[in-house]
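Top to bottom, those sequences are chains A and B.
At position 75 of the first sequence (counting the first as 1) the number is 74 in numbering that gives the first Met the number 0, and the numbers step up by one without a gap.
At position 104 of the second sequence (counting the first as 1) the number is 103 in numbering that gives the first Met the number 0, and the numbers step up by one without a gap.
Using N, Cα and C, we set each Cβ at its ideal position, and we do this for glycine too.
What follows is one structure encoded as structure tokens, with my remarks underneath.
There are 2 protein chains.
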Amino acid sequence: MEQAENRAIVRVDRNGRRDQEDLVIREHALTITLNDRQFVTMLCSPSDLEALGMGFLLSEGLIKSSEDVESFSLSDDSSEFKVYVRGDILSEELFAKRAITSGCGRGSMFYNVLDALDFQAVSADAKVSAQSITQLTNEVQSMSDLFRSTGGAHAAALCEEDRVLIFKEDIGRHNAVDKVFGECLVKGIEAHGKILLTSGRISSEILLKAVRRGIAIVASRSAPTSLAVQFAEKAGIALVGFVRGRRMNIYSNAYRIE
Amino acid sequence: MEQAENRAIVRVDRNGRRDQEDLVIREHALTITLNDRQFVTMLCSPSDLEALGMGFLLSEGLIKSSEDVESFSLSDDSSEFKVYVRGDILSEELFAKRAITSGCGRGSMFYNVLDALDFQAVSADAKVSAQSITQLTNEVQSMSDLFRSTGGAHAAALCEEDRVLIFKEDIGRHNAVDKVFGECLVKGIEAHGKILLTSGRISSEILLKAVRRGIAIVASRSAPTSLAVQFAEKAGIALVGFVRGRRMNIYSNAYRIE
């Protein structure tokens with residue numbers, strides 16, 4: 000499916016107005032069906048939809064590894080992603096839980112969500128040079144076709160010190176990150192101890208996705224939020240924001256950036 | 000509550016690294032309780048939380064006007080927004096519905112969501128000059144303190160041709176728009192036929208919020224998505240993207256921009 004489409008637009012500038020064509024980023028509705036029950040409808044870019052579906056289930060904590068999944072398939076028209084998970088990890092509660100949370104926490108409990116998360120702290124040895132962060136960020140920016148052509152996409156990438164392992168784009172910054180982790184699961188790529196780059200703001204929800212996968216370093220050319228910084232500090236993640244050229248701000252666990 | 004907080008960071012640039020302070024945008028968890036049942040937890044900037052709560056209920060289609068609301072209050076620590084709505088508009092279905100939708104639609108039905116929406120088409124008379132769009136956009140940008148100090152905020156504003164009526168900021172672009180419409184409801188300001196400016200991308204969900212309130216013109220300095228353009232076309236909304244200086248792209252109902 001095409002990621003963008005041509006539309007007739009009216010362009011206005013100092014010379015007046017004229018009709019022309021413009022490339023608009025495509026927004027697609029994907030429904031996830033879990034053991035034959037509709038679970039959620041996501042709005043996304045129509046690429047890597049299997050990775051998106053699996054990544055979403057990982058990020059929501061519904062599945063922990065590929066062992067929880069019996070089978071999955073995407074419908075021919077790409078509108079439905081059907082997943083069958085082991086019966087014992089599904090419950091009525093799980094469907095009900097989505098009724099009262101947006102993301103991952105609720106009420107006053109939200110601030111303690113890290114304590115409730117069963118995450119494995121990353122070894123202190125996972126380090127990277129500031130120069131690598133700059134180089135990887137440049138590399139990811141140059142890979143971002145969809146953003147260049149439509150101005151509407153976010154990118155996310157899983158990296159090692161010297162190379163980009165997985166690169167994904169989507170209209171949503173959450174979806175781009177979910178696609179990265181979903182692909183890890185589908186292809187058996189280990190995310191633990193590695194670097195997550197994202198083009199968007201780093202909110203607590205993005206940071207928690209990284210915590211769940213054991214990421215050591217999260218970096219973005221955009222800003223982090225206060226809650227993301229708190230969670231990163233506690234989880235042992237180096238959180239790096241405003242990566243622009245050779246400049247960057249390190250908000251937590253700065254010893255990981257050499 | 001402060002909208003940003005000082006954090007100790009390590010800044011890296013071509014001169015090396017040094018410790019300093021940086022202002023980080025605050026992310027706050029707000030739980031909405033609907034007739035004494037937890038309904039959702041939102042992550043947001045801790046300002047205008049009553050407007051946010053009301054705007055969220057409006058955008059989700061749970062309430063249609065202030066007549067649906069019996070009372071509302073914000074807890075002293077700003078963590079809980081309690082709303083009591085008329086009993087007859089609440090149902091078990093409504094709580095269950097949130098289990099299977101992310102936003103406003105589900106599955107193949109999503110593309111017909113406009114037909115299901117009971118919206119009142121805006122009169123063809125609602126028009127504005129391109130020059131006004133430019134001026135209003137500049138005005139809104141200059142109002143955006145939080146973005147300037149933290150780099151992490153979105154802005155949204157309700158405008159008439161020659162002035163900004165309501166201006167709101169939030170870490171989330173959805174929240175900023177919800178705050179605008181929530182304030183309309185609380186203060187009895189009519190949004191019908193007016194202009195909505197947003198700093199973020201215009202996705203279908205943002206556009207549908209505007210449709211529900213009878214907005215005539217939606218404009219942003221960012222990109223729209225294909226689904227937003229389709230919905231705007233059908234709903235009679237002029238959708239304007241990439242407003243930068245005196246340039247802009249009009250994606251639908253261009254006759255409204257003179």
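Beta-carbon gap between residue i and residue j smaller than 8 Å
i      : j      : result
B:V176 : B:M53  : no
A:S221 : A:G199 : yes
B:A218 : B:V242 : yes
A:L127 : A:I194 : Looking at the sequence shown, residue 127 of chain A is not Leu but Val. Against a cut-off of 8 Å, the Cβ pair of A:I194 and A:V127 comes out as a contact.
B:T149 : B:R172 : no
B:E204 : B:A50  : no
B:R85  : B:E59  : no
Sequence-distant residues of its chain with Cβ nearer than 7 Å to residue i (five each side left out)
i      : result
A:S122 : G192
B:S202 : T224, A227
B:E138 : V163
A:D18  : A7, V9
Cα-Cα separation, residue i to residue j
i      : j      : result
B:E232 : A:D124 : 54 Å
A:P45  : A:H27  : 6 Å
B:C103 : A:F146 : Confidence at B:C103 is low in this model, with a pLDDT of 37, below 50, so the placement of that residue is unreliable and no value is reported for it.
B:N5   : B:A152 : 16 Å
A:F55  : A:R255 : 28 Å
A:Q134 : A:A154 : 16 Å
A:Q2   : B:I236 : 24 Å
A:F271 : A:I170 : As displayed, chain A neither begins before 0 nor continues past 257, which places residue 271 of chain A out of reach and without an answer.
B:V179 : A:G187 : 45 Å
B:A98  : B:A234 : Caution applies to B:A98, whose pLDDT of 40 falls short of 50 and renders its modelled position unreliable; the value that the coordinates give is listed next. Cα to Cα, B:A98 sits roughly 28 Å from B:A234.
A:G240 : B:D76  : 29 Å
B:S64  : B:L57  : 8 Å
B:I132 : A:D21  : 20 Å
B:A253 : B:A129 : 10 Å
B:E264 : B:L238 : Residue 264 of chain B cannot be examined here, being either before or after the span of chain B that is shown, 0 to 257.
A:A297 : A:F230 : Any answer about residue 297 of chain A is impossible in this case: the structure gives chain A only from 0 up to 257.
B:T136 : B:S78  : 32 Å
B:M0   : A:A156 : 35 Å
A:Q140 : A:N174 : 17 Å
B:V112 : A:V112 : 35 Å
8 Å CB neighbourhood of residue i in its chain, flanking five on each side removed
i     : result
A:I88 : L61, I62, D67
A:F80 : L29, T30, I31, T32, L48, E49, L51, G52, F71, S72, L73, S74
Same chain, Cβ closer than 6 Å to residue i, five either side skipped, listed in chain order
i      : result
B:S143 : A154
A:Y83  : N34, E69, S70
B:S101 : At B:S101 the pLDDT is 40, less than 50, meaning the model places this residue with poor confidence; the figure from the coordinates comes in the next sentence. Answer for B:S101: no residue qualifies.
Minimum Cβ-Cβ distance from residue i to chain D less than 8 Å
i     : result
B:I88 : Looking at the structure shown, chain D is missing, and the protein chains on hand are A and B.
Residue i beta carbon near the ligand COA (any heavy atom closer than 7 Å)
i      : result
A:Q134 : With respect to small molecules bound, the structure shown includes none, and the ligand COA cannot be examined in it.
Contact between the segment 209–227 of chain A and the segment 115–129 of chain A is defined here as three or more beta-carbon pairs at a separation below 8 Å; is this criterion met? Taking 8 Å as the limit for Cβ pairs, the verdict is that the segment 115–129 of chain A does touch the segment 209–227 of chain A.
With a threshold of 8 Å, are at least 3 pairs of Cβ atoms found where one atom belongs to the segment 158–170 of chain B and the other to the segment 242–249 of chain B? Counting Cβ pairs under 8 Å, fewer than three are found: no touch.
Examine the Cβ distances between the segment 26–38 of chain B and the segment 6–18 of chain B and report whether three or more of them are shorter than 8 Å. Touching, no.
Looking at C-beta atoms only, is the number of pairs between the segment 36–51 of chain B and the segment 155–162 of chain B that lie closer than 8 Å three or more? Contact fails: fewer than three Cβ-Cβ distances are below 8 Å.
Quick one: complete beta strand (DSSP E) runs, 3+ long, within the segment 38–100 of chain A? Counting whole runs of 3 or more residues, the segment 38–100 of chain A contains the beta strand (DSSP E) stretches 68–73, 79–84.
Which runs of the beta strand (DSSP E) fall wholly inside the segment 126–152 of chain B and span at least 3 residues, in chain order? Correct list: empty.
In chain order, which continuous runs of the alpha helix (DSSP H) of length 4 or greater are located wholly inside the segment 145–218 of chain B? Within the segment 145–218 of chain B, the complete alpha helix (DSSP H) segments of 4 residues or longer fall at 172–186, 203–211, listed in chain order.
Extract the residue ranges of the alpha helix (DSSP H) inside the segment 221–252 of chain A, only unbroken runs of 4 or more that lie entirely within it. For the segment 221–252 of chain A, the continuous alpha helix (DSSP H) assignments of 4+ residues that do not extend past its boundaries occur at 225–234, in sequence order.
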